[in-house]
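Q: Letter by letter, the sequence shown follows residues 1 to 276 of our numbering.
Positions of the beta carbon are idealized from the N, C-alpha and C atoms, including for glycine.
Next up is a structure, given as structure tokens.
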Amino acid sequence: MLNASTTAARLLKRSALRPTLAIVLGSGFHSLVDSINTVTEVSYADLPGFSRTRIDGHCGKVVFGHFGGVPVILLCGRAHYYEGYSMAEITFPIRVLAELGVRSVLLTNAAGGIHPRFRAGDFMFLTDHINLMGANPLRGELSSGKTCFLDLSKIYDDDLNQLLQKAAREAKVRLSSGVYVAVSGPTYETPAEIRAFAKLGGHAIGMSTVPEAIVGRQCGLKIAGLSCITNLAAGRNKKPLSHAEVLAMGVRVQDQVLELLVRFIRLYSKTPLASR
Ligand code: HPA
């Protein structure tokens, strides 16, 4: 397997900025990249071990820059398990972030709303997850030198979640908490599956984030997850689900995404979490 420190060294040569916060932009969150004060950007194609996503709405570059003077790394786009990549491939960028000295990672995603309280366009921060992807990114990692028998009882960080809640109050954005169900995709679910996942305790459903969160915890990173509920999950809406609908909602919420995340970044910069 490729060495994350080699790829990190390449990035460190390209940018003198040393952010402690990184944000992975999923579907619905890409507008953030238009507002960052960019210092350096590097295409995933120039980074050994980074996989190129072929999904519309994911651009595929690492951006080092500032929001209101606060240094941040944006990972614009992610490779997905359903594209055929391995768990090791889709989580490689998280290992690189850890090697760069990043301490906290916000993983963003588009998700379908399972819980009846959700309307399309709402936001949810993750308090926990249910991994139904059928795979675990730490399988086969026994000799990596890091433990794979990780305690996941607090996988999503309380301090970061509090900052998200405060940012949402300031930005007047509807933000709930909930449990994210991760599936492999690429099909959307059946209504019967969604009813079953609701009974299991899931509030929203998506096809990413969980492998990155697990690897991030293995690397000692603080992790938060933020979903944009781009659609109601299967069976909760009469319309058939489509990726176009997911992307269209991403465009509709872009002002809210910006308001929420810029405030989150500013609040983060005022906490001890921001120092190295
Ligand atoms: N199901 C799974 N993944 C998703 C959905 C959904 O309804 N919406 C956005 N990503």
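#1: Using a Cβ-Cβ cut-off of 6 angstroms (strictly less than) and excluding sequence neighbours within five positions of Ser27, which residues of its own chain qualify?
#2: In terms of residue numbering, what span does the beta strand (DSSP E) encompassing Gly124 cover?
#3: Quick one: is Leu152 buried, meaning 16 or more other Cβ sit within 10 Å of its Cβ, or exposed?
#4: Specify the secondary structure class of Thr187 as computed by DSSP and reduced to three states.
#5: Please state if the CB of Gln256 and the CB of Val348 are separated by a distance shorter than 8 angstroms.
#6: Would you mind sorting Arg217 into buried or exposed? The rule is 16 or more other CB atoms within 10 Å of its CB.
#7: Given that a residue counts as buried once 16 or more other Cβ atoms are within 10 Å of its Cβ, and exposed if not, what is Asn37?
#8: Which one of Arg117, Pro71, Phe264, Leu232 has the shortest CA to CA distance from Pro191?
#9: Whole angstroms are fine: how far does the CA of Ala79 sit from the CA of Ser184?
#10: Could you give the first and the last residue of the continuous beta strand (DSSP E) run that contains Leu221?
#11: Assess contact between the region 39 to 52 and the region 104 to 122, defined as three or more Cβ pairs (one per stretch) separated by less than 8 angstroms. Is contact present?
#12: I'd like to confirm something about Tyr180: is its beta-carbon nearer than 7 angstroms to some heavy atom of the ligand HPA, or not?
A: Based on what the coordinates show:
#1: Mapped onto the sequence shown, residue 27 falls at position 27. Same-chain partners within the cutoff: Gly57, Ala110, Val246, Gly250.
#2: Here residue 124 corresponds to residue number 124 of the sequence shown, with the count starting at 1. The amino acid at residue 124 is misidentified as Gly; the sequence shows Met. First-last of the beta strand (DSSP E) with Met124: 123 to 132.
#3: Along the sequence shown, one-based indexing puts residue 152 at 152. The C-beta of Leu152 has fewer than 16 other C-beta atoms within 10 Å across all chains shown, which makes the residue exposed.
#4: Residue 187 sits at position 187 when you count from the first residue of the sequence shown. Looking at Thr187 - three-state DSSP - the assignment turns out to be coil, as it is neither helix nor strand.
#5: Absent from the model: residue 348. The displayed extent of the chain is 1 to 276, so no value can be given.
#6: Sequence index remark: in the sequence shown, residue 217 carries index 217 (1-based). Buried.
#7: As a working note, residue 37 is residue 37 in the sequence shown. The residue is exposed, with fewer than 16 neighbouring Cβ atoms inside 10 Å.
#8: One-based indexing of the sequence shown puts residue 191 at position 191. Answer by Cα proximity: Leu232.
#9: Along the sequence shown, one-based indexing puts residue 184 at 184. Along the sequence shown, one-based indexing puts residue 79 at 79. Approximately 12 angstroms, taken between the alpha carbons.
#10: Working through the sequence shown from its first residue, we reach residue 221 at position 221. It is not in any beta strand (DSSP E) - Leu221 carries neither H nor E in the DSSP assignment.
#11: Look at the beta carbons and you see the region 39 to 52 not touching the region 104 to 122: under three pairs across the two are nearer than 8 angstroms.
#12: Mapped onto the sequence shown, residue 180 falls at position 180. No, Cβ of Tyr180 sits at least 7 angstroms from all heavy atoms of the ligand HPA.
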